[in-house]
Amino acid sequence: MSLRPFTLVLVALALGLGAGTPAAWAQKIPTPEEVLGFRVGADFHLATYQQAYKYFRALEQASPMMRVFEVGKTPMGNPMIYAVITSQANMARLERYQEITRRLSLVKGLTDDQARALAAEGKAVVYIDGGLHADECAPAQHNLQLAYDILTGDDPATRAIRENVILILVFANPDGMDMLAEWYLPNVGTPYEVSPMPWLYNKYVGHDNNRDSFMGNLVETQHLNRIVNEIWLPQVLYNHHQTAPFPARIWIHPGAEPQLANVHPLLVRWQNLFGTAMGAAFDRAGQDGAISRTVFDSWYPGYVSQVVDGHNVISQMTETALFEYATPHFYTVNDFPEPYRDFLVSTFYPSPWKGGWWRLRDAVEYCLTASKAVLQMASAYRQELLFDKYQMGRDTIARFRKEPPYAWIIPQDQWDPPTAVLMLSKLQKLAIEVYTADKPFTSDGLSYPAGTWIIPMTQPFALFAKTMLEEQRYPDLAKYPDAWQGLVSPQVFKDAYLPPYDMAGWTLPYQMGVKVFAANSPLEAAMSPVESLVAPPAKVEGAGTTYVLSPKVNNSFIAVNRILKQGGEVYRSREPLAIGSETLPPGAYVVPKGLSAAAAAALARDLSVPIAATTKGVPAGSLKLKAPRVALYRSWVGEADEGWIRWLFEQFEFPFQTVHDAELKAGELNRNHDVLVMPSMSTRSIVEGYKQGLVPPRYAGGITEAGVRNIKAFVEGGGTLVLVNEATLFGIDKLGLPVTDALKGLRAERTWGAPPADAKPAQVACPGSVLRLQFDPKHPVAFGMPEEAPGVCNESLAFRLNPTLDGKTPATVAKYPGSSVLMSGFLKGEPLIQNTVAAADVPLGKGRVVMLGFGVEQRAQPHGTFKLLFNSLYYGASTATAEAAPAAATSAQGRKTASK
Ligand SMILES: [Zn+2]
């Protein structure tokens, strides 16, 4: 360390700048270079999270204007931190400003005059994160430079930011930041410098961490949601990304259509204003190529930016241009798509980018310009932003005093009660107030008992509750050409398919199999707030040493896995089972041995699973379970769906082994596994993987045709292959199953930008929606399902089943009904999907292929259909019993088991 910084402080003091002024602090504050050893964004360099952590702690030490908070640990054990940056004077009153933003956000108990006074006193709270998508490197790197620049800048604009704004600067995916640097840096200078990382860039789901925001499954999402909804309640939230529509250099708001209706109009106005301010900042700085109003819409609330729309937080999302990691790239106009080669100036792309070098530092500079534009806007409009957040909440409360839905009613009597509680707790974690009725009440002619849950709409973030609980009606944009085309004479595109960027429908009660009623008339019910939503402990009822668990309750899977792990004996009844006053549907778990009374009571208590004790024996023809030896395929392509399934297996305590291409190519799969699960992915990704030369050799090439032969041999030898969603096509394409892809050539292919000239208009399109399904609850894969239930479908798959050559018939597990298929979202060409098969059990040799042709576990959201995946594992490791098994007290003699 040189003495230079200290000397400069002395010079500053000598010049009469007080020690407390930013200029003086600036001299003591370490630059990123001093800690990293390289400039932020330098070619071929990436700061790790460890370095970022060290730098932020150093800044905190050096400046009274920055404090670092840890919100919790990541799944890989990193401390997840964020910085608070504001003036020293603000820092001294931080708790007061936190209270002001909370009171204005929550509205209640304030008059307009009081709100105005608080807005005058308060500071704008602005949340900015970097690094959510870790392979989009620039935003996380920009965090380091942004912290330094805001702490040390001595220009009027930066001084005003520190004065008027409290910046919450967040690292959104610490594990990913390290993983990416660890992958890239050793590859620099090798043929694999820009190879994609052959695994997901966090412990579980990689890119889908930006689809988890309303569900909050991932620990990191929970931390981000806590920062936003519990701790800071910001006015503005800015979530950085790095995949601009090429050749644009950054995508900024305004966004594409459609706009979700459940927002206060002020929110959309502010969003556009912030985006336009960013655009102006780029053009002022001579940074060309900012584009708006294309590709990214504001429809799906799974994103970090969109989830807060209903919370009246003005969100910004940007997509800065990316080449690969920190490797620079030179573009000529010949690299551009045809329509961009003439540098056409347009309303939402007024400064076209003309090509040249693009370096990580350029991307970092664009991120910095954008972040600083947001901070300057927040600084300039501090008071208006604080008051408008109050007003948006106030208007929302007033609106739903006058119009339906007045409330949401959630009965305690549910198919799967602990899952209903889970749904409510997820809403509560996102700042939705949940109440219980003190007394019986009626609504719209229906009566409800005391204890019924109620979500009144007279709350500031009610629009978020509405977004989650209602059915979505995704607009067919072809009908509204004026709304989106931006042409002098909008054109009508008959049969155009204009899908959303992500899901069209997500209705949470449908996904989770929870019964919810909207109150269409003003609700009069005495109610009390629920502080903490935890499923109540259940009990063991009845007497006897045989225990029966309900197949309707998802938590029963956890209980059964624990019983199997401890060597207990578990059967599944194929017929409905009467226990006490209740009749359980087919699939009830019967445990005649290996479960003590104390252990049964503990399971009931800990998992809220009601358990019945009985003296009856195991019903005739039950399936005998053994702990399934499950293999889960993990491709080097890094599929998010694999991560979700792995996460779910862990949550529900299913033991499993991960298998890669090598194991599938080696074969002999029956030796170690009963069940092989293939996550949703294309046949091509499974079989071919990454091309040779794109990644180091051990990660290239997929399972190959050898893997296909081995999987087929595994099934023919008695194994169970479970194909999830898109992977069902692998079964049709590669295994010769007697199943027809009913929508082949009819379904929409997802394309971004102009479709190929020879593209046929899609006859059927289902961009991530909730569809009605009919189940066969007597089939072991659908055990515990209602006869009709919603399922998540993402680009339609539908089958017709044919008999096999040896006369075996595939069984339908789930099918689409003959009418009213769409429940939430968008479905084009519904008649083509009516009465087709959605899930099937297809015999092959001595084994079977379970085809689950929809998103049974997509993003770990549809709790209502998890059963199909989990049942498939048990089914694959079960044996049929021909006769009644003996009651617990008698010996096992006389029981026959046979392989099905
Ligand atoms: Zn991204």
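Numbering-wise (the numbering used here), the sequence shown opens with residue 18 and increments by one. All C-beta atoms, glycine included, are put in the ideal place defined by N, C-alpha and C. The structure presented is a predicted model; accordingly, all values stated were derived computationally and were not measured.
Anticipated Cβ contact below 8 Å, residue i with residue j, distance rounded
i, j, result
"alanine 828", "aspartate 858", "4 Å"
"phenylalanine 231", "methionine 485", "6 Å"
"serine 226", "asparagine 279", "Position check: residue 226 holds asparagine in this sequence, whereas serine was assumed. Asparagine 226 to asparagine 279, Cβ: 23 Å. No contact."
"tryptophan 863", "glycine 734", "Correcting the residue type first, residue 863 is lysine in the shown sequence and not tryptophan. Confirmed, Cβ separation roughly 6 Å."
"serine 813", "arginine 764", "5 Å"
"proline 275", "leucine 494", "6 Å"
"lysine 845", "valine 781", "6 Å"
"glycine 604", "serine 590", "7 Å"
"serine 625", "alanine 555", "5 Å"
"proline 156", "glutamine 78", "The Cβ separation is near 25 Å, so there is no contact."
"serine 388", "isoleucine 145", "5 Å"
"tyrosine 221", "glycine 872", "That pair is no contact at about 17 Å."
"serine 538", "aspartate 455", "Wrong, their Cβ atoms sit about 19 Å apart, outside the cutoff."
"leucine 740", "valine 867", "7 Å"
"leucine 869", "alanine 856", "5 Å"
"glutamate 586", "proline 609", "6 Å"
"histidine 328", "alanine 151", "So it is not a contact: roughly 26 Å between Cβ atoms."
Terminal residues of the alpha helix (DSSP H) in which residue i lies
i, result
"glutamine 158", "155-169"
"lysine 884", "883-893"
"serine 122", "111-123"
"glutamate 210", "Taken as a continuous stretch (DSSP letters only), glutamate 210 belongs to no alpha helix (DSSP H), as it is neither H nor E."
"isoleucine 728", "721-733"
"glycine 660", "657-668"
"proline 282", "282-301"
"leucine 763", "No alpha helix (DSSP H) contains leucine 763, which DSSP labels as neither H nor E."
"tyrosine 342", "Note, tyrosine 342: premise wrong, no alpha helix (DSSP H); not H, not E."
"arginine 622", "614-624"
Residue i: CB within 7 Å of a non-hydrogen atom of ligand 1
i, result
"threonine 260", "yes"
"histidine 150", "yes"
"asparagine 227", "yes"
"glutamate 153", "yes"
Boundaries of the beta strand (DSSP E) in which residue i is found, first to last residue
i, result
"glutamine 709", "Note, glutamine 709: premise wrong, no beta strand (DSSP E); not H, not E."
"tyrosine 921", "The requested residue 921 does not occur in the structure, where the chain is confined to residues 18 to 917."
"isoleucine 14", "Residue 14 is absent from the model: the chain starts at 18 and stops at 917."
"serine 841", "839-841"
"glutamate 558", "557-559"
"tyrosine 348", "346-348"
"threonine 600", "599-601"
"isoleucine 472", "470-473"
Residue i beta carbon near ligand 2 (any heavy atom closer than 7 Å)
i, result
"glycine 634", "As presented, the structure is devoid of ligand 2, carrying ligand 1 as its sole ligands."
Does the contact criterion of 3 or more C-beta pairs under 8 Å hold for the stretch 262-270 versus the stretch 339-356? By the criterion of at least three beta-carbon pairs nearer than 8 Å, the stretch 262-270 is in contact with the stretch 339-356.
Can you confirm whether the stretch 172-182 touches the stretch 198-205 when touching is taken to mean that 3 or more C-beta pairs between the two stretches lie within less than 8 Å? Between the stretch 198-205 and the stretch 172-182, the count of C-beta pairs closer than 8 Å stays below three; the two stretches do not touch.
Check whether the stretch 647-661 touches the stretch 703-721, counting contact only when three or more Cβ pairs, one atom from each stretch, lie closer than 8 Å. yes
Touching or not, the stretch 294-311 and the stretch 359-376, by the rule of three or more beta carbon pairs under 8 Å? yes
Any chance you could list the beta strand (DSSP E) runs of at least 3 consecutive residues sitting entirely within the stretch 393-442, in chain order? 424-427
Are the stretch 432-441 and the stretch 163-170 touching by the rule of at least three beta carbon pairs closer than 8 Å? no
Taking one C-beta from the stretch 531-551 and one from the stretch 500-513 each time, how about it: are there three or more such pairs within less than 8 Å? In this structure the stretch 531-551 does not touch the stretch 500-513; the number of beta carbon pairs closer than 8 Å is below three.
Mind listing, in chain order, the continuous alpha helix (DSSP H) runs of no fewer than 4 residues lying wholly within the stretch 803-869? 847-850
Inside the stretch 174-205 only - beta strand (DSSP E) runs reaching at least 3 residues: 182-188
Tell me whether the stretch 474-484 and the stretch 574-588 touch, counting them as touching only if at least three CB pairs, one residue from each stretch, are closer than 8 Å. no
Note down, one range per segment and in chain order, each alpha helix (DSSP H) of at least 4 residues found wholly within the stretch 566-610. 572-582
Would you call the stretch 636-644 and the stretch 824-841 touching, i.e. three or more CB-CB distances under 8 Å? Contact fails: fewer than three Cβ-Cβ distances are below 8 Å.
Give a yes or no on contact between the stretch 388-395 and the stretch 243-261, applying the rule of three or more CB pairs nearer than 8 Å. yes
Sufficient close CB pairs (3 or more, under 8 Å) joining the stretch 213-224 to the stretch 281-295: no
Any beta strand (DSSP E) of 3 or more consecutive residues that is wholly inside the stretch 673-702: 673-676 and 692-695
Is the stretch 70-84 in contact with the stretch 236-250, if contact means three or more CB pairs nearer than 8 Å? Fewer than three beta-carbon pairs drawn from the stretch 70-84 and the stretch 236-250 are found closer than 8 Å, and the two stretches are therefore not classed as touching.
Three or more beta-carbon pairs under 8 Å between the stretch 555-571 and the stretch 617-632, yes or no? The stretch 555-571 makes contact with the stretch 617-632; the number of CB pairs closer than 8 Å reaches 3 or more.
Tell me, please, whether the stretch 460-468 touches the stretch 109-119 by the rule of three or more beta-carbon pairs shorter than 8 Å. No, they do not touch.
Would you list, in sequence order, the uninterrupted alpha helix (DSSP H) runs of no fewer than 4 residues that lie entirely inside the stretch 217-278? 236-242
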